[in-house]
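**Student:** Chains F and R supply the protein sequences, listed in that same order.
Per the numbering used here, numbering through the first sequence is continuous, rising by one, with the last residue being 461.
Per the numbering used here, numbering through the second sequence is continuous, rising by one, with the last residue being 103.
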Amino acid sequence: MNTLSGAPQPDAYYVAEAKIYPREVTGRYARLRVLAVWVLLGLFYLTPWLGWNGRQAVLFDLPARKFYVFGLVMWPQDFIFLTGLLVIAAMSLFFFTALGGRLWCGYACPQTVWTEAFLWMERITEGSRGERMKLDRSAWGPRKLARKSGKQALWLTFSLWTGVTFVGYFTPIGTLLATAASLSLGPWEIFWTLFYGFATYGNAGFLREQVCKYMCPYARFQSAMFDKDTLVVTYDAERGEPRGSRGRGADLAAEKLGSCVDCTLCVQVCPTGIDIRKGLQNECIACAACVDVCDTVMDKMQYPRGLIRYTTQNALDHKPAKVIRPRIIIYATLLATLCGAFVVGLVRREPVDIDVTRDRNALYRLLDDGHVENVYNVKILNKTEQPHRFRITVKGAGDLTLDAGAAMVEVPSGEVFPVAVRVRRPAYEPLGSEDIVFEVAAIDLPGLSARTRARFLAPAR
Amino acid sequence: MNLRGSPDLSDGDAEAPLPRRDLPVPARRIGVVVWCSFLAAGGGTMVLFAFLDPSAFSRGEVPEWWMSRPAVYALGFFFFWLIAACSAALAVYVARSSDGSVS
Numbered sequence: 001m002n003t004l005s006g007a008p009q010p011d012a013y014y015v016a017e018a019k020i021y022p023r024e025v026t027g028r029y030a031r032l033r034v035l036a037v038w039v040l041l042g043l044f045y046l047t048p049w050l051g052w053n054g055r056q057a058v059l060f061d062l063p064a065r066k067f068y069v070f071g072l073v074m075w076p077q078d079f080i081f082l083t084g085l086l087v088i089a090a091m092s093l094f095f096f097t098a099l100g101g102r103l104w105c106g107y108a109c110p111q112t113v114w115t116e117a118f119l120w121m122e123r124i125t126e127g128s129r130g131e132r133m134k135l136d137r138s139a140w141g142p143r144k145l146a147r148k149s150g151k152q153a154l155w156l157t158f159s160l161w162t163g164v165t166f167v168g169y170f171t172p173i174g175t176l177l178a179t180a181a182s183l184s185l186g187p188w189e190i191f192w193t194l195f196y197g198f199a200t201y202g203n204a205g206f207l208r209e210q211v212c213k214y215m216c217p218y219a220r221f222q223s224a225m226f227d228k229d230t231l232v233v234t235y236d237a238e239r240g241e242p243r244g245s246r247g248r249g250a251d252l253a254a255e256k257l258g259s260c261v262d263c264t265l266c267v268q269v270c271p272t273g274i275d276i277r278k279g280l281q282n283e284c285i286a287c288a289a290c291v292d293v294c295d296t297v298m299d300k301m302q303y304p305r306g307l308i309r310y311t312t313q314n315a316l317d318h319k320p321a322k323v324i325r326p327r328i329i330i331y332a333t334l335l336a337t338l339c340g341a342f343v344v345g346l347v348r349r350e351p352v353d354i355d356v357t358r359d360r361n362a363l364y365r366l367l368d369d370g371h372v373e374n375v376y377n378v379k380i381l382n383k384t385e386q387p388h389r390f391r392i393t394v395k396g397a398g399d400l401t402l403d404a405g406a407a408m409v410e411v412p413s414g415e416v417f418p419v420a421v422r423v424r425r426p427a428y429e430p431l432g433s434e435d436i437v438f439e440v441a442a443i444d445l446p447g448l449s450a451r452t453r454a455r456f457l458a459p460a461r
Numbered sequence: 001m002n003l004r005g006s007p008d009l010s011d012g013d014a015e016a017p018l019p020r021r022d023l024p025v026p027a028r029r030i031g032v033v034v035w036c037s038f039l040a041a042g043g044g045t046m047v048l049f050a051f052l053d054p055s056a057f058s059r060g061e062v063p064e065w066w067m068s069r070p071a072v073y074a075l076g077f078f079f080f081w082l083i084a085a086c087s088a089a090l091a092v093y094v095a096r097s098s099d100g101s102v103s
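1) What are the start and end residues of the alpha helix (DSSP H) that includes Y376(F)?
2) Using the Cβ count rule (16 or more neighbours within 10 Å means buried), how would you classify V167(F)?
3) Establish whether the CB of L119(F) and some CB of chain R are separated by less than 8 Å.
4) What does L75(R) reach in chain F if we use C-beta pairs closer than 7 Å?
5) The alpha helix (DSSP H) spanning I88(F) covers which residue range?
6) Just to confirm, is the Cβ distance from N374(F) to L457(F) under 8 Å?
7) Please classify K300(F): does DSSP put it in a helix, a strand, or coil?
8) Is the region 301-316 of chain F close to the region 259-266 of chain F, with three or more CB pairs under 8 Å?
9) Using a 10 Å radius around the Cβ and a threshold of 16 neighbouring Cβ atoms, would you call G205(F) buried or exposed?
10) Run through the DSSP bridge pairs and tell me what W52(F) is partnered with.
11) Check whether chain R comes within 8 Å of P142(F), counting only Cβ atoms and requiring the distance to be less than that.
12) If we count the other Cβ atoms within 10 Å of its Cβ and call it buried at 16 or more, is A219(F) buried or exposed?
13) Straight-line CA distance for A407(F) to F417(F)?
14) Please return the same chain residues whose Cβ sits closer than 6 Å to the Cβ of R389(F), not counting the five positions on each side in sequence.
15) Quick check on the DSSP output: the alpha helix (DSSP H) that includes F226(F) runs from which residue to which?
16) Would D467(F) pass as a contact of Y45(F) if the rule is Cβ separation under 8 Å?
17) When burial is assigned at 16 or more other CB atoms within 10 Å of the CB, is E116(F) buried or exposed?
18) Is there a C-beta anywhere in chain F that falls below 8 Å from the one on L23(R)?
19) Rounded to the nearest angstrom, what separates L90(R) and L119(F) at their Cα positions?
20) Label F170(F) either buried or exposed according to how many other C-beta atoms from any shown protein chain fall within 10 Å of its C-beta, with 16 as the threshold for buried.
21) Tell me the rounded alpha-carbon separation between S87(R) and F79(R).
22) Excluding the 5 residues flanking D295(F) on each side, which residues of the same chain have their C-beta closer than 7 Å to its C-beta?
23) Of the residues Q210(F), W114(F), V69(F) and F96(F), which one's Cα is nearest the Cα of V25(R)?
24) Once you ignore the five residues that flank A450(F) on each side, which residues in its own chain have a CB closer than 7 Å to its CB?
25) What are the boundary residues of the alpha helix (DSSP H) that A180(F) is part of?
26) Does the distance from the CB of P48(F) to the CB of Q56(F) come in under 8 Å?
27) Can you tell me which of the three DSSP states A441(F) falls into?
28) Applying the 10 Å Cβ sphere with the 16-neighbour rule, what's the burial state of A454(F)?
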């Protein structure tokens, strides 16, 4: 409907405020998700507490512009690795989406994982789905107040702790808690703790499935990675229809009924409130809660499981299913190449860096003794966690010498050390300018070295 | 809910299926604008400050607060977020009023 036409839009702007009360579910996929929640949230909350060589193992020290990841120290110069990591993450998402559908949404997305945790807190304070609905309908009294405030207290504490943990990735978490205890937190630490805590509370407690339905870009473009061999959660309409209630042990053929007993439990468990029996829908996050609950019903009815199941469009159409197909091969190849390049790059990464720029004040200087001299600004970056003594050497076609004062420098850990270097050689051997190579090597640690090219200018005749 | 002799699967009083709770359209649009610009601002901040160290300018004529890297990072992020949100809001508004199909 055209919004400019002035026609009334009764449904679009004022939607009945009916809340979704996802019903709790048990089963194979629910257990898998609970496992994912424990592993992922466990990783998030525990990682800042790990130590490594007397410092926090994973720390993104923004004030010092250094990222510590266990034994690695990453510098702004290593930005390419962060970019590489993001590209790999995106490519993995493409690969797993093409293969298994919205596995990300159902089991790994922070939105799913935190919502699951918040739902669990809602359940232990307000009770099961039926109890929650009854509670919301009932008048305010001590019992309702106690349950509701209990839930809010749990949610707020959990959110706040999430905020603290998040900031703990950027400020050492021990120091953070100590300063918090002495009420001397910096304004930015307070701000980011509250900001992230509020985001957690709003997304997992209040917005929930609305994020998936209206805000998530992945939900919109994931269908581009789908084909007829991608795993999707589907209702087998051929087997289920016509649906309807029936007595136990009823003759389905005689009553002209399919396997669906129309209990609507699949709708009740759905966190996004859709009816999977209407076919594959954009809102479906493939959490498989409907698969679990339908399986329990099928068990009770003594029907075979899998009326709602993970399957592919081709399988439903009775066509052969193919796991290996062009898009899988392409995604897998790209992913493997990127991962390989990332690992090789990380292993080959030099913990020392040298940067050479020519002094811009003079092209070259002819000395009285028949030599020509160029001046360079050399910067040595020591990315290791210890100070090192470095020797600078220079190689070229001619007989190059460095001035003695600059040949040996001590660079503290994690610092850029600038040094002005004079390089000279006989003016006409060889004739004209040439490319030379600067090398910096640690005296106290063999193998720690880096080199770079520079231009040596000299008269051509 | 009555399943005529089949096992009791209901909550007793849960009249399903429920009508769906959805954010009103303006709230959805705000959500889209805020979230998408947040993502863009995060990316922009990372790239900018990977190549630009705020303290590299601190010897020049810059205000006092520029000395603190976290403050500059945070302000840079919010600046990006604001600009991206303006752009996203404008895009949503224009797309909506041009074909009327965005809802």
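Here a beta-carbon is modelled for each residue, glycine too, at the ideal position from N, C-alpha and C.
**Tutor:** Per the coordinate set shown:
1) Along the first sequence, one-based indexing puts residue 376(F) at 376. No alpha helix (DSSP H) contains Y376(F), which is instead part of the beta strand (DSSP E) from H371 to N382.
2) The residue you call residue 167(F) lines up with position 167 of the first sequence. Buried, because 16 or more other Cβ atoms sit within 10 Å of the Cβ of V167(F).
3) Locating residue 119(F) in the first sequence gives position 119, counting from the first residue. No, because no Cβ of chain R sits closer than 8 Å to the Cβ of L119(F).
4) In the second sequence, residue 75(R) corresponds to position 75, counting from 1. What L75(R) touches in chain F: nothing, since even the nearest Cβ is about 10 Å away.
5) By one-based count along the first sequence, residue 88(F) stands at place 88. It spans F79 to G100 - the alpha helix (DSSP H) in which I88(F) sits, taken as one unbroken run.
6) In the first sequence, the residue the question calls residue 374(F) occupies position 374. In the first sequence, the residue the question calls residue 457(F) occupies position 457. Result yes, Cβ atoms of N374(F) and L457(F) sit closer than 8 Å.
7) Counting from one through the first sequence, the residue named residue 300(F) turns up at place 300. Residue state, collapsed to three classes: helix.
8) Yes, the region 301-316 of chain F touches the region 259-266 of chain F.
9) Counted from its first residue, the first sequence places residue 205(F) at position 205. Under this definition G205(F) is a buried residue.
10) Walking along the first sequence from the start, residue 52(F) turns up at place 52. Note: W52(F) sits in a beta bridge opposite R55(F).
11) Position 142 of the first sequence holds residue 142(F). Chain R contact via Cβ: absent.
12) By 1-based counting over the first sequence, the position of residue 219(F) is 219. Classification for A219(F): buried.
13) Residue mapping note: residue 407(F) aligns to position 407 of the first sequence, counting from 1. Residue mapping note: residue 417(F) aligns to position 417 of the first sequence, counting from 1. Each residue's alpha carbon lies about 13 Å from the other.
14) Working through the first sequence from its first residue, we reach residue 389(F) at position 389. Only E410, I443 and D444 meet the Cβ criterion.
15) In the first sequence, counting from the first residue as 1, residue 226(F) sits at position 226. Taken as a continuous stretch (DSSP letters only), F226(F) belongs to no alpha helix (DSSP H), as it is neither H nor E.
16) Any property of residue 467(F) remains undetermined from this structure, which presents chain F solely from 1 to 461.
17) Numbered from its first residue, the first sequence carries residue 116(F) at position 116. Classification of E116(F): buried, given that the 10 Å Cβ count is 16 or more.
18) To locate residue 23(R), count along the second sequence from 1; it is residue 23. Cβ-Cβ to chain F under 8 Å: yes for L23(R).
19) Within the second sequence, the letter at position 90 stands for residue 90(R). Within the first sequence, the letter at position 119 stands for residue 119(F). Approximately 36 Å, taken between the alpha carbons.
20) Stepping through the first sequence from its first residue, residue 170(F) is reached at position 170. Buried.
21) Within the second sequence, residue 87(R) is the residue found at index 87, counting from 1. Within the second sequence, residue 79(R) is the residue found at index 79, counting from 1. So the alpha carbons of these two residues sit roughly 12 Å apart.
22) Numbered from its first residue, the first sequence carries residue 295(F) at position 295. Only G27 and R305 meet the Cβ criterion.
23) Taking the first residue of the second sequence as position 1, residue 25(R) is located at position 25. The candidate whose alpha carbon is nearest that of V25(R) is Q210(F).
24) What you label residue 450(F) is simply residue 450 of the first sequence in a count that begins at 1. Answer for A450(F): E350, V352, D353, I354 and V440, listed in chain order.
25) Taking the first sequence and counting its residues from 1, one reaches residue 180(F) at position 180. Per DSSP, A180(F) is one residue of the alpha helix (DSSP H) stretching across I173 to A181.
26) As a first step, residue 48(F) must be located in the first sequence, where it is residue number 48. As a first step, residue 56(F) must be located in the first sequence, where it is residue number 56. Yes; because the gap between Cβ atoms is below 8 Å, this pair is in contact.
27) As a first step, residue 441(F) must be located in the first sequence, where it is residue number 441. Strand.
28) What you label residue 454(F) is simply residue 454 of the first sequence in a count that begins at 1. With 16 or more Cβ atoms within 10 Å of its Cβ, A454(F) is classed as buried.
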